[in-house]
Every structure is written in C-alpha cells, then in structure tokens.
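Heads up: the structure comes next, in structure tokens.
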Amino acid sequence: MMVNSLWFLLVAIIVSVNSQSHHFEDGKRLPGDKLLQSEYIYKHGSTFDIVAPMFEKKFVLTQPGFVITQILAKDRKINGKGAYVTKISGGGGKNFVMLTFKAQRGHGIKFDVSIFGRPKQNFIFGKRQNGDNLIVKKAFYKKPVANSVLIDREEINIGPNMEITQIKVLDRYNTGKNAQVRLVSGGVKYNHSTLNFESIIGKGINYNIEVYGKALPKPPSISHNLIVGERSEGDVLAISENVDHPAIVGGSLNFSRPFKVGEGYVITKIEALDSKTDGTGAYPRVQSGGLKQNSIDLRFKSKRGQGVYFTVRIYAKHRPTPTTTPLPVTLPREFQIGTRQTGDFMVYDVKVINATSEVKQVYAVGSTNMITYIKAVNQNLNSSNVVVSIISGGLGGSEVVLNFENLFEFGISYAVQIFALPKVH
Numbered sequence: 049m050m051v052n053s054l055w056f057l058l059v060a061i062i063v064s065v066n067s068q069s070h071h072f073e074d075g076k077r078l079p080g081d082k083l084l085q086s087e088y089i090y091k092h093g094s095t096f097d098i099v100a101p102m103f104e105k106k107f108v109l110t111q112p113g114f115v116i117t118q119i120l121a122k123d124r125k126i127n128g129k130g131a132y133v134t135k136i137s138g139g140g141g142k143n144f145v146m147l148t149f150k151a152q153r154g155h156g157i158k159f160d161v162s163i164f165g166r167p168k169q170n171f172i173f174g175k176r177q178n179g180d181n182l183i184v185k186k187a188f189y190k191k192p193v194a195n196s197v198l199i200d201r202e203e204i205n206i207g208p209n210m211e212i213t214q215i216k217v218l219d220r221y222n223t224g225k226n227a228q229v230r231l232v233s234g235g236v237k238y239n240h241s242t243l244n245f246e247s248i249i250g251k252g253i254n255y256n257i258e259v260y261g262k263a264l265p266k267p268p269s270i271s272h273n274l275i276v277g278e279r280s281e282g283d284v285l286a287i288s289e290n291v292d293h294p295a296i297v298g299g300s301l302n303f304s305r306p307f308k309v310g311e312g313y314v315i316t317k318i319e320a321l322d323s324k325t326d327g328t329g330a331y332p333r334v335q336s337g338g339l340k341q342n343s344i345d346l347r348f349k350s351k352r353g354q355g356v357y358f359t360v361r362i363y364a365k366h367r368p369t370p371t372t373t374p375l376p377v378t379l380p381r382e383f384q385i386g387t388r389q390t391g392d393f394m395v396y397d398v399k400v401i402n403a404t405s406e407v408k409q410v411y412a413v414g415s416t417n418m419i420t421y422i423k424a425v426n427q428n429l430n431s432s433n434v435v436v437s438i439i440s441g442g443l444g445g446s447e448v449v450l451n452f453e454n455l456f457e458f459g460i461s462y463a464v465q466i467f468a469l470p471k472v473h
C-alpha cells in the first residue's frame, strides 16, 4: 500500500516538473478574499485551421462592492501546446477583467479561470436618516513611507445644534492595501468624531470621508413674551431698550416702567420679549397707555427669587397733518401741507408752466416712500389767477395729484416741492 502511494506521488512530481502549461496569474491573494467566479474556457482547435483561434472574454463581478484581488487561468494542456493568456484591462482593485486567449495553430483553448476578490475597504458608521444632509466631504491622503507604518487621525466637527447620522470612509486605492480605520471618539448622535488610521507597512492612506448629519430640534421656549398690536405702513422702531433687574433673595419684583415715543407719533406695536426661555422669567402687562397713543406704562412682576430681563421694542408712526375732506380740496394761492421730518428728502423741485386754462399734475414718490411735505408757490405777480386743488393722494401716501386751474389770461406758473420718507416694514 505504501509502495503504491509513493509511486503516485513520484508520478505527480514528474508530471509537475515536466509540465509546459501556459498558466496565467495576475494579482495576489489577500486576507479575507474568496473565490467569486470560476469558469471553464474551451475553444476547439484543428490542424486544418488557417488562423489560430483567438477571442476576448470579459469577466465582471456580480457582487456589489467587491474588487478583484487575484486572477488565475490554469492551462489544462501540459505539453506546451496550450494557448496564451494576456490581460487587456481591469484586474486587481477593479470589479472586472478583460482577458485575451490566443491558441497555437492547430490547437485549441482549454483553461480553468478562477477570480478571487473581497469587499472594498469601505468603513461605514451609522445609517442615513430622513432629513439629513451631506455636511462634510473631503479626501484624506498620506503618502507611503518605505518600511514604515503610518498612524494618523482626522477630527471632524459639524457645528453646534447638529448631530451626525452617518460617517463613510471610502477606499480610494481599491487594491485591498489601504489603512485600517477606527472610530475612536464621537460619531453617530454626536456633532464631532475622531477617526484613527493605521497603514500597512510601506503603504499609504487614501480615503474619501463623507459625513452626514441633521439639525437638532430647538428646545421649546417657555418665555413670557408680551406682544400687542401690529406693524403698519410707515411706522418705525421708536424705542428699543432693555429692562434688567437682578433678583432679590427670597423676594419677588413688581415695578412699572414708562415709555414715550414723542409728540406727533402714535404707537402701533408693543413687544416685551423675555430673555429667559426656561419659564422662570417675569410677567409683563400694560398698565396704562398703549396703542394709538404716544406713551405706555409696562408693569413687570417676577417669580420669587427670580429677576426681570426683558427687551422692550415699541413701534410708532407719525400722525400726518390731516387735509380737508372730501377731496378735491381747494388750497390757498401759496400753500404748504405737512411738516419736514428727520430723514425725509426732496423728490420734486419743479416748475409748472402752462398757458392753457387747466392742467393736472401727478407726483409719485415710489411705492417704498410716503409723502411728508408738499409746498407750492405761485410765480405770477397776480395773486388770484389760479385755483389749486388736491384731486387724490396726499400726505402719508405714495403720490399726490394736483390740479391747477387758470382763471384769467396770465397763464399758470408754479414752483412745486415735494418731500418723502422711506416706509418701514
């Protein structure tokens, strides 16, 4: 029995030594790889072939995320009459390979092709969620150093009020020889992370890093804000003031504070905004005055042991000088309506000259402005030859229409000035 075993072993050794097979090998087996494809390639050959058989074959991995580590094409012919295999494209680190099989004249092709591979060295932490977005995308590369292991780390911060949902560290080498990656701190549900990289001896580090995250919901505010009234066309921020009073140990605060917007203005909106958002703020209320008036008293009452910290904003608008209604209204020979205000500007400074009996002029100051002041002066010596009327519009509006009616033969000659102020929205 032992003699027979030795005989077969000797025959196998002799065959192996004398084999003239044209095996093909590309790449190298790596830890964790496995056989992904195997196929027998056969093409009949004949002594009558004028041209030796030759063809190309493309092998594509069907496993998503896998790359090739090694390709073996074993020639079944051991007498030196087998075909020759060459690689055209693809191979190690790719998910495909294109091979050419070229037979010798009069002989066929007989090869066993085996393709080994493993998953790309991608490291993924966490899982994408509804509403998250790509926050960070960057390359992380370190050049290889001969006979050395590279150890490095990358720190990532995505900002306050954010949390990480997923981190992708994507292999750019595709050779199976990239560095190992560990998440050493932070990560999913944090707003920061630290990644540690450790290379293979003599190899570099080459990854793409993608970090996905989403905004955290803001905690509900429990402020005791007081808001009365609404903004209106032409109003301005008349008062913006802090009302701060520190707490009294063991006691509560209860006091009032007066505010006045000035003569000629009326209040349109009152805001008393609590700086405390945890429900420990004071309670404000209107004690006197208020909307459509030029003053207001606000009272603040705190909880025991708590202070008062508010921002008070009061909006007001100028009360325009009223014109006689209903329109049209006849005006004196020379007139001025309204009052010049701080910040207003001249829109018109024109002459109205006409020989006809009547002329109508439209003065528009723009939709974003309002008229504050109108002045018209008769340029003729005759003091009663023209009657001027406002047909429409006027103070506080965006336009005014003036009508000039000539009573005698002197003609119309007027100088008109109109001022306006930007509206506040």
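All residue numbers for the sequence shown refer to our numbering, where the first residue is 49 and numbers rise by one. Cβ atoms here follow ideal geometry from the backbone N, Cα and C, with glycine treated the same way.
Restricting attention to T117, Q152 and G138, the CA atom closest to the CA of H70 is found in Q152. Our two residues, F144 and I199, have alpha carbons roughly 32 Å apart in a direct line. A buried status is given to A227, since no fewer than 16 other beta-carbon atoms sit within 10 Å of its beta-carbon. Less than 8 Å divides the Cβ of K122 from the Cβ of F159.
By the 16-neighbour rule on beta-carbons within 10 angstroms, M418 is buried. If you look at K168, you'll find it isn't in any beta strand (DSSP E); DSSP assigns it neither H nor E.
For a cut-off of 8 Å, the C-beta gap from F303 to F348 is around 6 Å, short enough to register as a contact. Among the bridge pairs identified by DSSP, V217 is matched with F171 and I257. Where R230 is concerned, the enclosing beta strand (DSSP E) starts and stops at Q228 to G234. Check the Cα spacing between K237 and each of Y221, E246 and G261: the tightest is with G261. For H293, the pairing in a beta bridge is given by DSSP as V356. In this model, S446 and S415 are separated by some 6 Å (Cα to Cα).
Residue range Y313 to D322 is occupied by the beta strand (DSSP E) that includes A320. For R333, the enclosing beta strand (DSSP E) covers residues Y331 to G337. CA-to-CA, the gap between R305 and S288 works out to about 13 Å. With contacts defined as CB atoms closer than 8 Å, R367 and V314 qualify as a contacting pair. Below 8 Å, too few C-beta pairs join the region 179-198 and the region 127-147 to call them touching: fewer than three. T134 carries a strand assignment under DSSP once its states are collapsed to helix, strand and coil. Residue burial is scored here from C-beta neighbours: L346 has at least 16 other C-beta atoms within 10 angstroms and is therefore classed as buried. Residue state for R305 is assigned as strand, using DSSP reduced to three classes. DSSP, read as helix, strand or coil, puts H240 in strand.
Straight across, the Cα-Cα distance linking D326 with H272 is about 10 Å. Taking the Cα of N127 as reference, the smallest distance to any Cα among I466, Q68, K76 and Q177 is reached at Q68. The alpha-carbon of F467 is positioned some 11 Å away from that of G442. Straight-line measurement puts the Cα of Y132 at about 25 Å from the Cα of K82. Annotation: L450 to N426 spans about 14 Å, alpha carbon to alpha carbon.
Within its own chain, the residues whose Cβ lies closer than 6 Å to the Cβ of I401, once the five positions on either side in sequence are excluded, are S461, listed in chain order. Each residue's CA atom was taken as its position, placing I204 and G329 some 37 Å apart. Burial is judged here by how many other beta carbons sit within 10 angstroms of a residue's own beta carbon; Y88 has fewer than 16 and is exposed.
When DSSP states are grouped into helix, strand and coil, S461 belongs to the strand group. Here S247 carries a coil assignment [DSSP, helix/strand/coil]. Taking 8 Å as the cut-off, the beta carbon of A424 is found closer than this to the beta carbon of F383. Counting along the chain, R347 sits inside the beta strand (DSSP E) bounded by residues S343 to K349. The Cβ atoms of I344 and V356 do not sit closer than 8 Å to each other. In the three-state scheme derived from DSSP, where H, G and I count as helix and E and B as strand, I126 is classed as coil. Restricting attention to K471, L339, L147 and K91, the CA atom closest to the CA of Q389 is found in K471.
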